[in-house]
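Trainee: Below is the structure I would like to discuss, written out as structure tokens.
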Amino acid sequence: MEKRAVFNSWWLPILFALPQILLILLFFYWPALAVMKWAFTLEPPFGGAAEFVGLTNFDEVFSDPFYWNSVAVSLVFALCGTCFTILVGLVLAIAVDRRLPGSGLFRFLYILPYAIAGPAAGMAFRFILSPERGLMASVNAAFPDFWNPAKYGSHALILVIVIFAWKWAGYTFIFLLAGLQSVPRSLTEAAAMDGAGPIRRAIDIQVPLLAPTLFFLLVIMMTEGFVGSDTFGIVHSTTSGGPNHGTEVMVFRIVDEAFKGLNYSGASAQSIVLIGLIMVFTFIQFRFIEKRVHYK
Amino acid sequence: MIQRTPIADALTYVLMVFGFILLIGPFLVILAGASQTLQQINSVPFHFLPQDRFLENASAAWSRANLGSAMINSLIMACLVTVGKVALSACTAFAIVFFRTPLKHFFFWIVFITLMLPLEVRVVPTYAVAADLFQPFRLLISALTGIEVSVEWNLLNSYAGLTLPLIATATGTFLYRQFFMTLPDELAEAARMDGSGPVRFFVDMLVPLSRTNMLALTTIMFVYGWNQYLWPLLMITDPAYKTTMMSLSALLPSENGLPDWNVTLAGSLIIMAPPLIVVAVLQRWFVRGLVATEK
Amino acid sequence: EKTKFEFWYGLSGDLGERVQDACKKFNDMQADYEIICTSQNGYDATLQNTIAAYRAKKQPAITQIYDAGTLDMMLSGAFVPAKKLMADNGYTIDWTNYFSGIANYYATAAGELNSFPFNSSTAMFYYNVDAFQKAGIDFKPETWEQVEEAARKLKAAGFECPLGFNFDTWAMMEQFSAIHNQPLATKGNGYQGLDAELVFNKTKFVDHVTFFKKMADEKLFVVKTKQLGMDIVPAFTSQTCQMIQTSIADHGTVGKTLPEGVKWEVAMLPVWKGTQRQNSLVGGASLWVMAGRPEAEYKGAAAFLNFLATPEMAQWWSTVTGYIPVTKTGFEGMKANGFYDKAPYKGRELAIASLTYTPTSENTRGIRLGGFTQIRKEASTALEAIFMQNADVQAELDQAAERGNAVLRRFEKTYAGQKLN
Amino acid sequence: MADIDIRAVRKSYGKTQTLHGIDLSFASGEFVVILGPSGCGKSTLLRMIAGLEEITSGEIAISGRVVNRLEPRERGCAMVFQNYALYPHMTVAQNIGYALKVAGVSKSERETRIEETAKIVGLSEYLARKPAALSGGQRQRVAMARAIIREPQVFLFDEPLSNLDAKLRVTMRAEIRKLHQRLSATSIFVTHDQIEAMTLADKLVVMNKGHVEQVGQPLDIYHRPASTFVASFIGAPAMNLFNTRVEVETASVLFGGAQVPIDPVLAASLRGRDVTIGIRPEQCAVSADGRGVPATIDFIEELGSGRVVHAEIDGLPFASVIGEHMSVRPGDRVGLELPPSQLHVFDRDSGRRIDIEINSSFPQQVAGVSQLAIVH
Amino acid sequence: MADIDIRAVRKSYGKTQTLHGIDLSFASGEFVVILGPSGCGKSTLLRMIAGLEEITSGEIAISGRVVNRLEPRERGCAMVFQNYALYPHMTVAQNIGYALKVAGVSKSERETRIEETAKIVGLSEYLARKPAALSGGQRQRVAMARAIIREPQVFLFDEPLSNLDAKLRVTMRAEIRKLHQRLSATSIFVTHDQIEAMTLADKLVVMNKGHVEQVGQPLDIYHRPASTFVASFIGAPAMNLFNTRVEVETASVLFGGAQVPIDPVLAASLRGRDVTIGIRPEQCAVSADGRGVPATIDFIEELGSGRVVHAEIDGLPFASVIGEHMSVRPGDRVGLELPPSQLHVFDRDSGRRIDIEINSSFPQQVAGVSQLAIVH
Ligand SMILES: Nc1ncnc2c1ncn2[C@@H]1O[C@H](COP(=O)(O)OP(=O)(O)OP(=O)(O)O)[C@@H](O)[C@H]1O
Ligand SMILES: Nc1ncnc2c1ncn2[C@@H]1O[C@H](COP(=O)(O)OP(=O)(O)OP(=O)(O)O)[C@@H](O)[C@H]1O
Ligand SMILES: O=P(O)(O)OC[C@H](O)CO
Ligand SMILES: [Mg+2]
Ligand SMILES: [Mg+2]
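Chains as they are written, first to last, in our numbering: chain R, 2 to 297; chain P, 164 to 458; chain L, 22 to 442; chain Z, 7 to 382; chain W, 7 to 382.
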């Protein structure tokens, strides 16, 4: 989409865009170049001359079962996290959209978890869902080992997904509520006249009309799940990737490999794969944002 | 409103209360835990009622994690990120939307590709850039002219280092662009007819008109800035620049010590408070700003 | 004007505060230098931050690097050798005064120290004497057979966690291998070349893990980790577990934390019956002086290191922590004034005894493997899989060794052409 | 088909009352138009009948059954919305058939009925399209079809034509009328366009500020507006109104310095009362020779088919419709003749119409109108 | 004040040409209305004059100076936009005064002029309000004031009334007209509403699909439309048009089975040619006794001030305006009389008007127009 009204100057736009473009070149494109370089050499931890090794780093990455494990974990994390956030957000948005007395207060409250940093939430949830304390202790007393994220990778993965979903549900909620409210009221009214009850209206009219918002959120949340800053924060502060790589998402593995394992090259190779993956998402999203799934 | 059915209304309330428990419940548990004594918090089953020890726990946490300076650092960082982002992205979006120049698409893409590539995936080399900001320029100069310059600018352990790389992303630009696109063409045309040039239009019209968006962006960026975790963790080694997120681990009960989660939770509550307040206060504009542009 | 210089260390909590005390003492006693001491919260973080800072040319003058990071540092070329530093700045140090077991770990093949041994430790066996009495155990746990028997009795007496352990490989794998004279890797645990290969999956260590696994299955040995809510030391001090193996460094903490009146003791790590016990490995960390700082800072650094090496400071340090004195004179002095005879310090001399039990062999001199942090992580992941996910012992250890070898090969390639000196 | 009774219905949003007690009843099969300015509560009333808005107090009965607490689907009404409210994600066929689908009608029957209905509104060829691919008029037809297919007892229309352009509006007006003749369900049609109201209504309800101002047949309302509000709202250009006082002696009112004669019987009954007098622009003649009320011509609008003379009397605007043949120019001083039989008299305070002989005067007036129309 | 010359102006967006060579010239002080259906290029032309749109080829001159390459502010034009384009964050006073502020006029002078201008448009009491707190008409006035204060040589209006409701539109129409009389700057007013066009224009330009169809005085265009397009676009209800062929022998055309006589001179010159005949609804009479073209009455619209009879002839719709007195009902078979002097004849292929005696026929027609106001 283009604006009809524009100003004619060739240097002003450059001047206006320059500060950010410069920052982006410096902190985005230049580092991206370095990642490229490292991915093809063996970068010594303390710096110094590095040997060109071709695709060896990639070979190593791809032949490492734990790498694929991290891909799988990331996928599960992003997919489940996305589904839960959107599902919770959707259900709550539909409920609040009914505008019953008091729903304004709920709307206000639901957005709050968005403010919380992933790591802080992680720490709190470590306490809240700790197997030997509170609620879960009681459950575990009745069914031993029913819940033990320190022991079972699957439990730990559930834990981090729950934290992710908790933090982001409020965010999707807001978008979905906005989406719902921009569905013309007369459409739901028309459906009501056509004999549809509230649930039927939600399924037949509201949700299909939310498709653009849903898709938008799907992409946003998937990206967030794969590379979002909270993803790393949550994993790092709650499970540190464990137990036994059970929650080792791709970003965590990259950071861990680089800084703990002092393997900058391997980490760079992984970064590049991840960047490629995200580029695909970006592409999809741009296609989508520019050409919304509109019915008009 | 469509004539209501009592059953649907009841179900709605059930869902909303369920959502409340799900989303706000954790806060309540934290609040309860943060106000209990060591014995209370470690008792099984857990008591969900808040007690009166919050201030003691909070002050213990405050001194344990040296939260005073961390809070100030986080505040500075969050504010710088917010201000920088709000200002720069408005400028870039203006350049992208309101001019017809061949560079427009170049700018657009160069900025928007970064939208989906957060710091986390390029953190290692970004660290190197932050350590030696002028390296690219030096290389450029020596490649072009053969002259070796030895200027260096190290951003590690500085507020500039904490914030600049975070400002170099596209979220805000994107938000502004979407907003600018929704402004009627006639607005700029009317301004042009009134004799206003582009800069004047930017200052007189766009800036005041995008107030809602600025507040939305302010919310997002404050939360984003305050909650930064990995970047400070890597680039700050000087405790004078420590942010609250870095203090989190210091808040955990020490490995060999008492499981005083009450202090931990009180501390985490303090750390959560500023972004929480910002979101609570600005949420109306936050929602409006997002919604107006997203739709 | 005072010359300021930085010192980064990895110790945290109680031990971290003792480091701060040492810094304060140094700053108070002289007027030329000011040392700024910063905890990086953990050994691995310190190594990581040091590297990052070095790349950014913002490295501290002195940094505390744990045993596992020794080779990474040695090949980096990013430090000033200890001996050179002291000589340059006009200090004469009697290098032979260091316990050879300790010095070996941080010295070149020629025996020259690259870094200053600072907080040295070794792993010990802690047990709750009260609990032993209650369970009617009348022997000291010197062999693993005895540990098993004690565990059964404790269990029978109603103790839920006779022995607590975690997946830290230092005690369970490295120290175990040393005292049983088992290699971790070929080439003398790496001392003879970068082409060493891990072999811990082919030694007695495998049997040892299998034994632990059996004990764990019988609930005699219990996993205690931070993630599970309580690590082994708090498990011991809260009397949840009655036996643990951990660093002598924790001796001070344990003494302070256990309730008044509870009787406990340390012993050397148990061996398998019939094993010829070897000396244990030195653990802890040493202080490295980083290259690339202004000359003036080195003067200060040298002064500080010299200050730490004074007999009074060495003694103070060993007293307030559980770390052992690193010099022979220091140890003799403390022994002479009866330090080790009474509680709460009684038993710490056993650490020295363990370290110096025999002359060092190929397998007990130390570990000289690149990327050892990563190798430890592979091994501990294997243990985690074995004990938490019931994975097969041999298979997991084989995999860990294989992955560790990949780390070694990459290290070898990265430093291709460099020789171990 | 159903009759509708609205009894003392009120509506409040929070504290502000929007409808102040509406009493109306519509016969089965009637085409009722509710007319009123924006914000007067037309839509609110319609939506209360539909069940889309709660009734604050009072009762609405459809076919004798009180529906206050019934859900929309239980009331047997179908509604056509101003913006059509088509489901954008469904095809035309799906839009039309949605009500049947909800009702659980079998697929085959549904298809037959969709086709039948589409034929009625002339959409048979567009069944597979999405609403986005339709023109305004076609969308409007889909909305109608969606209402028709349910065979409702009551049709509700909320300004269904106001989104169409002028030309299409005329066409669709005719089609709605035809459709009503064909289906003869009770229809309630809300609009603020007086032409629509006049041309469509069997019964016209004029509302203002939450009150019913007048109910009746369109022509009746046009010729005998019950209040100044109705008088000025219906007819374009709007009826001229001026305030004055009745003088019994001369059986006239004073206006613009001239005495305008009125019905003596009326005058007698109104002695000295403050009144508002109204006259439609097309019923007062402009005389160049100065008969009647003296006026200055302000400007003239040429419509091609006629001219509207905007004059000023005593500083007040006054409009008159004249033919092509008269030559007048802005600034001319002319006389305006106001035939007594064409004058409407309203009470100045209440704005209500004052009539003496309701039954006898009406036919006279009608006759008078036609005469005038012929004169021009 | 300035005259405007538009010479061979074309506009293309990419490959599609939107304006195909426009030649127009407007005298200083003239009120020009550009009328045409949506998408015909009216706004594009206006915006090119304003300088908001580049001119693909051709020239525009204001006061003799070619402005093609001048910035909007240098052209001395002021513009009123359809949606008013008020600055939402500024008060009314700031909106009005913005152009002066940009021009660097001192604060005190600005205030004086803002007050003066506000008085002209009757906004003095609203100066401190934001646009959001104004009604549609008031906003429109602000937009006007903003244009006036600059004392431009040329006023440009792009459908400034189309967002207003019917009543307000009539009022604002009058105000714009008055304002023009007062300021007498050259004004160009774009609309697609024919009533607006007729009532406002000194000079009317009718456009269609990027071409100028006709230029002239409004009444001239009403009475002598140059093409079927103009004929059907101007006048409501629209002119009835039917296709037929001229028979010289009888000097008539065949329509609905009847022979409709036409001017014999015309007939002679058109022998056997395919033509389109047009007649305005208000100029054909309905005769109950069956004279004229036989027709069936479809339905009747009552407007209060008259009636529109919609009839069918040969299956084609045909409208006629009649008075109140005739009693006709849907379904009646009647005759429609088409007076030969009122017939418009167009070439069937090109749609262009065919005239023989241009000068003589015009006054006759004017005299013959019967009067019935159909004012929307
Ligand atoms: N949900 C609501 N809350 C508060 N006031 C409302 C609400 N809906 C309508 N109103 C008010 O009630 C009055 C009547 O509104 P309504 O929509 O019935 O008017 P209307 O006659 O249909 O006008 P229009 O011709 O503009 O559609 C208005 O003053 C409106 O502001
Ligand atoms: N920026 C543009 N790019 C491409 N085509 C355009 C552009 N602006 C206008 N057009 C096309 O030019 C034609 C004329 O547009 P214009 O806006 O002048 O019409 P208009 O007569 O003002 O119509 P309306 O009455 O709807 O405002 C239209 O077909 C339109 O689609
Ligand atoms: O806990 P410490 O200080 O004895 O150190 C133990 C190990 O050597 C760390 O690698
Ligand atoms: Mg309405
Ligand atoms: Mg236009």
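Note that the Cβ used here is the ideal one computed from N, Cα and C, for glycine as well.
Only a predicted model underlies this, so the values are computations on that prediction, with no experimental measurement involved.
Quick check: is any heavy atom of ligand 5 less than 7 Å from the C-beta of W:Lys48?
Mentor: yes
Trainee: Output the distance between the C-alpha atoms of R:Val92 and R:Arg100, rounded to the nearest integer angstrom.
Mentor: 14 Å
Trainee: CB-CB under 7 Å to L:Phe226, same chain, minus the five flanking residues each way: which ones, in chain order?
Mentor: Met194, Phe197, Ser198 and Gln203
Trainee: Rounded to whole angstroms, what's the CA-CA distance from R:Ile285 to R:Ile273? Just pull it up for me.
Mentor: When rounded, the distance between both Cα atoms is 18 Å.
Trainee: Going by the beta-carbon positions, is the gap between R:Gly243 and R:Ala157 smaller than 8 Å?
Mentor: Here R:Gly243 is near R:Ala157, since their CB atoms are less than 8 Å apart.
Trainee: Looking only at its chain, what residues have a beta carbon closer than 6 Å to the beta carbon of R:Ala259, apart from the 5 residues adjacent to it on each side?
Mentor: Tyr265 and Ala268
Trainee: List in chain order: all unbroken alpha helix (DSSP H) runs of 4+ residues lying wholly within the region 206 to 231 of chain P.
Mentor: 217 to 227, all fully within the region 206 to 231 of chain P.
Trainee: Mind checking if Z:Lys44 is an interface residue toward chain W, Cβ cutoff 8 Å exclusive?
Mentor: Residue identity differs from the one stated: residue 44 of chain Z is Ser in this sequence, not Lys. With 8 Å as the cut-off, Z:Ser44 counts as an interface residue toward chain W.
Trainee: Just mark R:Gln21 as buried or exposed, buried being the case when its beta carbon has 16 or more other beta carbons within 10 Å.
Mentor: buried
Trainee: Are the C-beta atoms of R:Tyr296 and some chain Z residue less than 8 Å apart?
Mentor: Here the model assigns R:Tyr296 a pLDDT of 42, short of 50, so the residue's position is not dependable and the matter cannot be decided.
Trainee: Within the 8 Å Cβ cut-off, does W:Met178 reach chain Z?
Mentor: no
Trainee: Figure out for me which residue from P:Leu421, P:Asp423, P:Asn390 and P:Asn425 has the closest Cα to the Cα of P:Ser410.
Mentor: Comparing Cα-Cα distances from P:Ser410 to each of P:Leu421, P:Asp423, P:Asn390 and P:Asn425, the minimum goes to P:Asn390.
Trainee: Give me the Cα-Cα distance between L:Glu433 and P:Phe449, rounded to the nearest whole angstrom.
Mentor: 54 Å
Trainee: Cutting at 7 Å between CB atoms, please list the residues of its own chain near L:Gln85, excluding the five before and the five after it.
Mentor: So the qualifying residues of the chain are Trp29, Tyr30, Gly31, Thr67, Phe139, Ala306 and Leu308.
Trainee: In its own chain, which residues sit with a C-beta less than 7 Å from the C-beta of Z:Val299, not counting the 5 before and 5 after it?
Mentor: Cβ neighbours of Z:Val299 beyond the five flanking positions: Phe261, Gly262, Ala264, Val266, Ile319, Gly341, Leu342 and Leu344.
Trainee: Taking the alpha-carbon positions, what's the Z:Pro231 to Z:Gln220 distance?
Mentor: 8 Å
Trainee: Could you tell me which of P:Gly452, P:Pro213 and P:Ala171 sits nearest to P:Phe337, measuring between CA atoms?
Mentor: When only C-alpha atoms are compared, the closest one is P:Gly452.
Trainee: Please identify, using Cβ separations under 9 Å, the residues of the region 74 to 88 of chain L that lie next to chain P, in order along the chain.
Mentor: Ala74, Arg76, Ala77, Lys78, Lys79 and Pro81
Trainee: For ligand 2, is there any heavy atom lying closer than 7 Å to the beta carbon of W:Ser1?
Mentor: This structure gives no information on residue 1 of chain W, because the portion of chain W shown stretches from 7 to 382.
Trainee: Are the C-beta atoms of P:Leu380 and some chain L residue less than 8 Å apart?
Mentor: no
Trainee: Is P:Gly388 close to chain R, meaning its C-beta is less than 8 Å from at least one C-beta of that chain?
Mentor: no
Trainee: So that I know if they touch, is there some Cβ in chain C lying closer than 8 Å to that of Z:Pro300?
Mentor: Absence of chain C from the displayed structure is noted, the protein chains being R, P, L, Z and W.
Trainee: Residues in the same chain with beta-carbon distance under 7 Å from W:Met54, minus the five sequence neighbours each way, listed in chain order, please.
Mentor: Excluding sequence neighbours, W:Met54 sits near Val15, Lys17, Ile61 and Ile66.
Trainee: By alpha-carbon positions, which one of Z:Lys136, Z:Phe248, Z:Arg339 and Z:Ile40 ends up nearest to Z:Ile285?
Mentor: Z:Phe248
Trainee: Any beta-carbon of chain P closer than 8 Å to the one on L:Tyr342?
Mentor: Per the sequence presented here, residue 342 of chain L reads as Thr, with Tyr not at that position. It does not; no Cβ of chain P falls within 8 Å.
Trainee: Let me know the secondary structure DSSP gives Z:Glu165 once reduced to three states.
Mentor: In the structure shown, Z:Glu165 sits in coil (DSSP, three-state: anything other than H, G, I, E or B).
Trainee: Using a C-beta cutoff of 8 Å, does R:Phe59 count as contacting chain P?
Mentor: no
Trainee: Could you tell me whether the Cβ atoms of P:Val249 and P:Met344 are closer together than 8 Å?
Mentor: no
Trainee: Regarding W:Glu165 and ligand 5, is the C-beta to nearest heavy atom distance less than 7 Å?
Mentor: yes
Trainee: Would you say the beta carbon of Z:His26 comes nearer than 7 Å to a heavy atom of ligand 1?
Mentor: no
Trainee: If we define contact as Cβ-Cβ less than 8 Å, is P:Asp401 a contact residue for chain R?
Mentor: no
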